[in-house]
Amino acid sequence: MKLPIYLDYSATTPVDPRVAEKMIPYLTEHFGNPASRSHAFGWKAEEAVEEARANVAALVNCEAKDIVWTSGATESINLALKGAAEFYKTRGRHLITVKTEHKATLDTCRELERRGFEVTYLEVGADGLLELDRVEAAFRPDTILVSVMFVNNEIGVIQDIPAIGEMCRRRGVLFHVDSAQATGKCPIDLKRLNVDLMSFSAHKTYGPKGVGALYIRRKPRVRLEAQIHGGGHERGFRSGTLATHQIVGMGEAYRIARLEMAAENERIRALRDRLLAGVQGIEEVYVNGDMASRVPHNLNVSFNYVEGESLIMAVKDIAVSSGSACTSASLEPSYVLRALGRSDELAHSSIRFTLGRFTTGEEIDYTVGHLRTKVAKLRELSPLWEMHKEGIDLNTVQWAAH
Amino acid sequence: MAYSDKVIDHYENPRNVGSFDKADESVGTGMVGAPACGDVMKLQIRVNGQGIIEEARFKTYGCGSAIASSSLVTEWVKGKTLEEAAGIKNTQIAEELALPPVKIHCSILAEDAIKAAIADYRRKHGLGEAAGEKKVA
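Structure, rendered in structure tokens:
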């Protein structure tokens, strides 16, 4: 077993060696520009791009023509939200999204607010899930688009996309779904879902970084204002020379995901349950987010009375991420956990474990043992733990905030 | 984030972890910070009849820099008079540990913890605040 152990698959995944192998010839040998129509180099590249497009479409059950290549999910989300808002602004200027969305969505919405659009940010329940009544109540006559993530990146909960899609379709409101964390983890069937736009990333599903895609429904047709101009590639939605090797990688990664997803999810679920059982053996541990409507890859837990950043520093043999954004210098606890109504302390003490294709049982067992030792050590250092053990209710203490 | 070697050393081998009896007359206790802000420091000093700090103990809930800052000050206050200890500045702590700008508040908290422990000891002995000394909770 090699240390450190990688348990941060929701941050990014390694490129599957099968994917890397498929990509390499498109860097050196088949280097043509897929837009070159006049020679074999171009034809070869175009053929590879279209094969990849078909593989991406097959994973989510849509037509290959509905897929537009981008540089990643962030760009896809920007194109979907800004593109739709700008195109449909004469119809209305209101959008609906969720407080626990990824920053790619939230920051894009902020930008749209600056451009004069209005955005409703929906609250979630303590389990991280949207209450459908609340979604229903948020629609206005001038609502043009709803954006909800399929799977949350921090807590792994799965939102009720079919039901929200139904609500949107009934009103003729566009529905965008951020599926960056969903591909290869839960089945996606765009023929059944009332989804108009869906964003994808390659690097969360064992493909390379720097490539993603946007599904744009053609029936009924969805129109977008392009955000990048210059050559009219990708049906005019996204200009720029296609990154053939990256696209080939994404296609192969999605092809493998389609074939192996079912078996892989069961294996990962067993490992996650083993990890959960292990951490639940530690006192004062709280699981964040609903456990039923959740991808098997994610476990987000708060270790009460231990500060998250020091815990991450202590468990240096395992690569995880903290719900606490201290490491990004903002000193703010996770906005996702805050939206769940978690106290600042619990939000500060959270760790996200995300498992993946190459996680082993041995790694999970080591992680559990490592956590037990380190949590005990930090609690020995913690004045809050001492007070808890003395029976003091920390909520009754007058703290000198700084 | 990259931590300095000194922060890592104090974090991995914290000095003087523990607690004294708060009710002991020779002990001064300072507790600063708040769980909501992500750090709480408890610093205790044991003062002898000559007004010299003989020993110090700490417990800290916080990031590695907060733990290192409090561990460091337990070493620094030892053998100092109350006045000398009260003169320790956060900038000295930050410099010694090479704290990055986002972690300066950890050193401020450690300075506040010393002052709070001294103030508690003085209160117990009816000594009041020394002139020019900032009062901290």
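Going down the list, the sequences are from chains A and B.
All the letters of the first sequence, read from the start, carry residue numbers 182 to 583 under the numbering used here.
All the letters of the second sequence, read from the start, carry residue numbers 229 to 365 under the numbering used here.
Cβ atoms here follow ideal geometry from the backbone N, Cα and C, with glycine treated the same way.
Quantities reported herein were computed from a predicted structural model and do not represent experimental measurements.
List the endpoints of the continuous beta strand (DSSP E) containing residue i.
i, result
"A:L278", "Sequence inspection shows Thr at residue 278 of chain A; the Leu mentioned does not correspond to that position. Where A:T278 is concerned, the enclosing beta strand (DSSP E) stretches over 275-279."
"B:T257", "255-262"
"A:R584", "Residue 584 of chain A falls outside the range modelled here, since chain A spans only 182 to 583, and no answer is possible."
"B:L187", "In the structure as shown, chain B begins at 229 and stops at 365. Residue 187 of chain B is therefore absent and cannot be evaluated."
"B:Q272", "267-275"
"A:V466", "466-468"
Does the distance from the C-beta atom of residue i to that of residue j stay below 8 Å?
i, j, result
"A:D189", "A:T422", "no"
"A:S502", "A:R533", "yes"
"A:G365", "A:L452", "no"
"B:I294", "A:D525", "Checking the displayed sequence, the identity of residue 294 of chain B turns out to be Ala instead of Ile. Their beta carbons are not under 8 Å apart, which means B:A294 does not touch A:D525 by this criterion."
"A:M494", "A:A233", "no"
"A:W250", "A:A407", "no"
"A:D341", "A:L303", "no"
"A:A285", "A:L276", "no"
"A:A434", "A:G388", "yes"
"A:I428", "A:L552", "no"
"A:V279", "A:V358", "no"
"A:I325", "A:Y396", "no"
"A:S515", "A:L559", "no"
"B:A338", "B:T257", "no"
"A:D247", "A:R399", "yes"
"A:I186", "A:A458", "no"
"B:R274", "B:N244", "no"
"B:G266", "A:H529", "yes"
"A:P215", "A:E202", "no"
"B:I336", "B:V305", "no"
"B:A296", "B:H238", "yes"
"A:R274", "A:D323", "yes"
"A:N481", "A:S531", "yes"
Starting from residue i, trace the alpha helix (DSSP H) in both directions and tell me its first and last residue.
i, result
"A:N446", "425-461"
"A:K580", "In the sequence under discussion, the amino acid at residue 580 of chain A is Trp, which differs from the Lys named in the question. Premise fails: A:W580 is in no alpha helix (DSSP H) and is neither H nor E."
"A:M568", "564-570"
"A:F222", "221-241"
"A:V517", "516-520"
"A:T324", "Premise fails: A:T324 lies in the beta strand (DSSP E), 324-330, not in any alpha helix (DSSP H)."
"B:A322", "318-325"
"A:L395", "Counting along the chain, A:L395 falls outside any alpha helix (DSSP H), though it belongs to the beta strand (DSSP E) covering 393-397."
"A:K366", "Neither: A:K366 is in no alpha helix (DSSP H) and is coded neither H nor E."
"B:I236", "233-240"
"A:A318", "313-319"
Reducing DSSP to helix, strand and coil, say where residue i ends up.
i, result
"A:V591", "Residue numbering for chain A in the displayed model covers 182 to 583; residue 591 of chain A lies beyond these limits and cannot be assessed."
"A:N481", "strand"
"A:R351", "helix"
"B:S293", "helix"
"B:T309", "strand"
"A:L208", "helix"
"A:S382", "strand"
"B:K200", "Residue 200 of chain B cannot be examined here, being either before or after the span of chain B that is shown, 229 to 365."
"A:R553", "helix"
"A:G346", "helix"
"A:R402", "strand"
"A:H529", "helix"
"A:E299", "strand"
"B:S247", "coil"
"A:A500", "strand"
"A:A510", "In this predicted model, A:A510 has a pLDDT of only 46, less than 50, meaning its place in the structure is not dependable; the value taken from the coordinates is given anyway. It is coil, neither helix nor strand."
"A:T540", "coil"
"A:I545", "helix"
"A:E244", "coil"
"A:R587", "With chain A represented from 182 up to 583, any question about residue 587 of chain A goes unanswered, as that position is not in the structure."
"A:I126", "Any property of residue 126 of chain A remains undetermined from this structure, which presents chain A solely from 182 to 583."
"A:D288", "helix"
"A:E335", "coil"
"A:T535", "strand"
"B:V301", "helix"
"A:E304", "coil"
"A:E202", "helix"
"A:E415", "helix"
For residue i, return the contacting residues in chain C, with the cut-off set at a CB-CB distance below 7 Å.
i, result
"A:S491", "Going by chain labels, chain C is absent from the structure shown, which instead holds the protein chains A and B."
Kindly provide the ranges of any alpha helix (DSSP H) runs that are 4 or more residues long and lie completely inside the region 246-273 of chain A, ordered along the chain.
-> 254-268, all fully within the region 246-273 of chain A.
Would you say the region 472-491 of chain A touches the region 439-450 of chain A, given that touching needs at least three Cβ pairs under 8 Å?
-> With a cut-off of 8 Å, the region 439-450 of chain A and the region 472-491 of chain A count as touching, because enough Cβ pairs lie within range.
Check whether the region 373-390 of chain A touches the region 297-314 of chain A, counting contact only when three or more Cβ pairs, one atom from each stretch, lie closer than 8 Å.
-> Touching, no.
Below 8 Å, can you find three or more Cβ-Cβ pairs linking the region 247-263 of chain B to the region 277-294 of chain B?
-> Taking 8 Å as the limit for Cβ pairs, the verdict is that the region 277-294 of chain B does touch the region 247-263 of chain B.
On the three-pair Cβ rule with 8 Å, is the region 560-571 of chain A touching the region 218-227 of chain A?
-> Counting Cβ pairs under 8 Å, fewer than three are found: no touch.
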